[in-house]
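This report concerns only the one structure given below.
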Amino acid sequence: TGILSTQQPENPTPDSYISDPINPVPTVGGNNLFIPAGPMDQSRIEGRTDILKFTSAVLTEPIEVTGRTKAELYVASSGVDTDFIVKLCDVYPDGKSILIAEGILRAKYRNTFEKARPIEKGKIYKCEIDLDYVSIIFNRGHRIRVLISSSNFPRFAVNPNPEKIFQQMMRR
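Take the working numbering: the final residue in the sequence shown is number 210, and no numbers are missing along the way.
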């Protein structure tokens, strides 16, 4: 569990997780057609070891977020391709973590969808993940949470990756 803040950490260290395509993170809500959809509570999956979780301090004033929302990640992987999924959540005082927006990026299409370019194992890449448009007021007493993983199945097809198990490292 990490801290979500507007302040740059003094000594940033990479966060990591092991993602297993055979045991993907399950979809809980979101923009789905054939499975339960909507702004559902993510609490039941947030304890998984293949999800990074960053949470703000309790808000002392409301914060409005309106417009196109994007996440900028600095990532590396021990594989030559993987997916990065980012979820933005509103954490209520009772602990419910409600999904607001989500996005995905398949690493080999990080520059363009026109041509796949494998990533080099261990090399750090800057990736931008589009979370689409949002308009929300995070209320006083709530917290803001960002979840990062490499799967969200069945909403997004599982990236089989060249290896069965690999490690992603995130740099804040």
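Every residue gets a Cβ at the ideal spot worked out from N, C-alpha and C, and that includes glycine.
Have a look at residue i and residue j and give me their C-alpha separation to the nearest angstrom.
i, j, result
"Q45", "S94", "11 Å"
"I167", "R106", "11 Å"
"T87", "T39", "10 Å"
"F176", "G68", "18 Å"
"E12", "K153", "With the chain covering only 39 through 210, there is no way to say anything about residue 12."
"G179", "V96", "5 Å"
"G160", "V66", "30 Å"
"K91", "I41", "8 Å"
"P74", "V196", "19 Å"
"N199", "D119", "6 Å"
"Y130", "R181", "7 Å"
"N49", "F191", "34 Å"
"I138", "K125", "7 Å"
"G117", "R155", "13 Å"
"L143", "P52", "19 Å"
"S189", "K134", "21 Å"
"P47", "E110", "16 Å"
"V172", "D58", "30 Å"
May I ask you to report which of helix, strand or coil DSSP gives residue i?
i, result
"V184", "strand"
"E152", "coil"
"Y112", "strand"
"D58", "coil"
"P64", "strand"
"G40", "strand"
"L97", "coil"
"V129", "strand"
"E166", "strand"
DSSP puts residue i in a beta bridge; with which residues?
i, result
"D121", "R144"
"D79", "I136"
"T104", "S173"
"D88", "BP columns for D88 are empty, so no partner."
"F191", "P64"
Compute the beta-carbon to beta-carbon distance between residue i and residue j, rounded to the nearest angstrom, for a pair I have assumed lies under 8 Å.
i, j, result
"N70", "R193", "6 Å"
"V113", "I56", "In fact, because the Cβ distance is near 14 Å, the residues do not count as touching under 8 Å."
"I89", "I186", "7 Å"
"I83", "V63", "6 Å"
"D128", "I174", "7 Å"
"G141", "D170", "7 Å"
Is the CB of residue i under 8 Å away from at least one CB in chain D?
i, result
"Y130", "Among the chains of the structure shown, chain D does not appear; only one protein chain is present."
The stretch 75-91 touching the stretch 143-150, judged by at least three CB pairs closer than 8 Å: no
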